[in-house]
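Accompanying notes for the structure given below.
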Amino acid sequence: MIATYSSTLIAMIKNQAFRLLKMDMSVLYTGGISIVLFILGGIPFLLAVVSTLLVIKAATTMLLALGPLFIAFALFDRTRQWFWGWVSQMAGFMLTQVLFSVVLAMEVAFINTAVLKDGKMDPSISGSISMFIFFAVLVVLVTELPNYAASIMGSSAAGAGVSGVVSKYSGIRTAARVANFARSKLPGNKIAG
Numbered sequence: 001m002i003a004t005y006s007s008t009l010i011a012m013i014k015n016q017a018f019r020l021l022k023m024d025m026s027v028l029y030t031g032g033i034s035i036v037l038f039i040l041g042g043i044p045f046l047l048a049v050v051s052t053l054l055v056i057k058a059a060t061t062m063l064l065a066l067g068p069l070f071i072a073f074a075l076f077d078r079t080r081q082w083f084w085g086w087v088s089q090m091a092g093f094m095l096t097q098v099l100f101s102v103v104l105a106m107e108v109a110f111i112n113t114a115v116l117k118d119g120k121m122d123p124s125i126s127g128s129i130s131m132f133i134f135f136a137v138l139v140v141l142v143t144e145l146p147n148y149a150a151s152i153m154g155s156s157a158a159g160a161g162v163s164g165v166v167s168k169y170s171g172i173r174t175a176a177r178v179a180n181f182a183r184s185k186l187p188g189n190k191i192a193g
C-alpha cells in the first residue's frame, strides 16, 4: 500500500514534466496544487490505516496467545462469559480486517476511475480536490471501522472513535463538567421539600 502510494506520487510528479523556463504558470500552479493535495490527503490516510492495522494485528496476536486460558474458562459456569467475550472480541478483530480490505478496495477503485484518466494522473484542481476529500472521508471511516466491527460482533470498542478523540482534545468534555458543577451550585437549583 505504501509502495503503491509512493509510486503513484512519483508518477504524478513525472507526469507534470516541470520545465522551469518553458512552463506556463497555470500548469505549474495546477500541478503543484495537485501534488500538495495528494500528499496532504494521502499521508494521514496511510498513517491511519497502517497504525490501526498494526494495533489490531498486535491485539489479535496477544488475544490468540491467551486463547487456551479463555478456552479453559468455557469449562466453568462462572467464567463462561469471559470465554464468549474473548470469542466476540476475536470475531470483531477479524471483521475489522475484512472491512479494511473493503475500504482499501474502494480507495483503489476510486483512484483508478476518478483520478487516473487513461493511465495518467488527472492534474486538474477538481480532480485533486475530490481526491483530497475522498482521502479525508476514508481517514474518518478507517478510524471508525474498529468501533463498527465491535458493535456488530457485540464486543467492546477498542477506542472512543472520532467523536471521543475530538471532544477529549478540544476540552468539550471538561467544559461540560465545569458547567454542570457550576449549575449545581447555583441557588435557584434547590428543590425545597
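Reminder that position 160 of the sequence shown reads as 160 in the UniProt record's numbering, one-by-one numbering, no gaps.
Positions of the beta carbon are idealized from the N, C-alpha and C atoms, including for glycine.
Cα-Cα separation between residue i and residue j, rounded to whole angstroms
{"i": "S124", "j": "M1", "result": "24 Å"}
{"i": "F134", "j": "L69", "result": "43 Å"}
{"i": "Y148", "j": "A91", "result": "12 Å"}
{"i": "A74", "j": "G42", "result": "45 Å"}
{"i": "S128", "j": "S26", "result": "15 Å"}
{"i": "S6", "j": "L40", "result": "13 Å"}
{"i": "I152", "j": "G31", "result": "43 Å"}
{"i": "S126", "j": "I111", "result": "14 Å"}
{"i": "A136", "j": "A114", "result": "16 Å"}
{"i": "Y169", "j": "L138", "result": "Summary for Y169: the model assigns pLDDT 46, below 50, so the residue's position carries little reliability; its value from the coordinates is reported in the next sentence. So the two alpha carbons sit approximately 21 Å from each other."}
{"i": "N15", "j": "I35", "result": "11 Å"}
{"i": "T79", "j": "S51", "result": "33 Å"}
{"i": "A59", "j": "L66", "result": "11 Å"}
Which listed residue (the options) has its alpha carbon closest to that of residue i
{"i": "W86", "options": "M106, M62, Q97", "result": "M62"}
{"i": "F45", "options": "A150, R78, I152, T143", "result": "T143"}
{"i": "V140", "options": "K57, D77, G31, A48", "result": "A48"}
{"i": "V55", "options": "M94, L28, Y29", "result": "M94"}
{"i": "V98", "options": "M131, L66, A150", "result": "A150"}
{"i": "M131", "options": "F38, T79, N15, A3", "result": "F38"}
{"i": "L64", "options": "I35, R78, T4, F83", "result": "F83"}
{"i": "L53", "options": "G154, P146, S184", "result": "P146"}
{"i": "G154", "options": "S88, A109, F100", "result": "S88"}
Buried/exposed call for residue i, threshold 16 Cβ in 10 Å
{"i": "T96", "result": "buried"}
{"i": "V76", "result": "First, the residue type needs correcting, since residue 76 is Phe and not Val in the sequence shown. Exposed is the call here."}
{"i": "Q81", "result": "exposed"}
Interface flag, residue i vs chain B, CB-CB below 8 Å
{"i": "G67", "result": "Among the chains of the structure shown, chain B does not appear; only one protein chain is present."}
The ligand GDP heavy atom lying under 7 Å from the CB of residue i
{"i": "V103", "result": "The ligand GDP is absent from the structure shown, which contains no ligand whatsoever."}
Inset, instruction - Inspect the CB distances between the stretch 2-17 and the stretch 96-107 and report whether three or more fall short of 8 Å. - result: Counting Cβ pairs under 8 Å, fewer than three are found: no touch.
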